[in-house]
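Everything below concerns the one structure shown next.
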Amino acid sequence: MLLMVQEDMIIDKQSVIPIYYQLFKYFEKRIRSGDYKPGDALPTEMEIAERFGISRMTVRRAIAELANLGMVYTQKGKGTFVARPKLDNVVFNLDNFYDEVRQKGLECRTKLLEARIIKADPLTAKRLQIDVNTRCL
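The sequence shown finishes on residue 137 if you use the UniProt record's numbering, and the numbering steps up by one all the way, no holes.
This is the structure:
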């Protein structure tokens, strides 16, 4: 039995893929795409269960998976909200730093605090792929 919920979401109750996982992937995709932004509330467990024709227990398990990834958090009596993404997974490469931050729904600004020429120590040289003691800004 296939349940069409939205154009982009089909719950297949006959699939070998568990229903909670299908629901988890649906919300993961919606959060990563920016449909749900940090601080946005997800629908209630009851609303999700009714919309998808599944049990609240299944909804709770999908939400628990999202929470385990740090994508959502629950406030007792208030609901489930999209969490601010952690920056520890952002690749610090100047070419794509701003894109990575924006994809996570955050705002980024640059402010130069200091500029000086130094000789590259071994760690800096390795990261910049230059020789040790090379002068760099």
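Beta carbons are placed, not taken as given, at the ideal position from N, Cα and C, and that holds for glycine.
Helix or strand or just coil, what does DSSP make of Lys126?
helix
Tell me whether Leu123 is buried or exposed, calling it buried when 16 or more other Cβ atoms sit within 10 Å of its Cβ.
The Cβ neighbour count for Leu123, taken over all protein chains shown within 10 Å, is under 16; the residue is labelled exposed.
With distances taken Cα to Cα, identify the nearest neighbour of Lys37 among Arg84, Val101, Gly53.
Arg84
Quick one: what's Ala41 bridged to in DSSP?
Its beta-bridge partners are Phe81.
Ignore the nearest five residues each way along the sequence and tell me which others in Met46's own chain have a CB closer than 7 Å to its CB.
Arg56
Do the CB positions of Val132 and Ala120 come within less than 7 Å of each other?
yes
Pick out whichever of Glu65, Arg60, Thr44 has its Cα sitting closest to the Cα of Gly79.
Thr44
Taking the alpha-carbon positions, what's the Phe97 to Arg135 distance?
24 Å
Among Ile10, Gly34, Arg32, Glu28, nearest to Arg51 - alpha-carbon criterion:
Ile10
Rounded to whole angstroms, what is the Cα-Cα separation between Val59 and Tyr26?
12 Å
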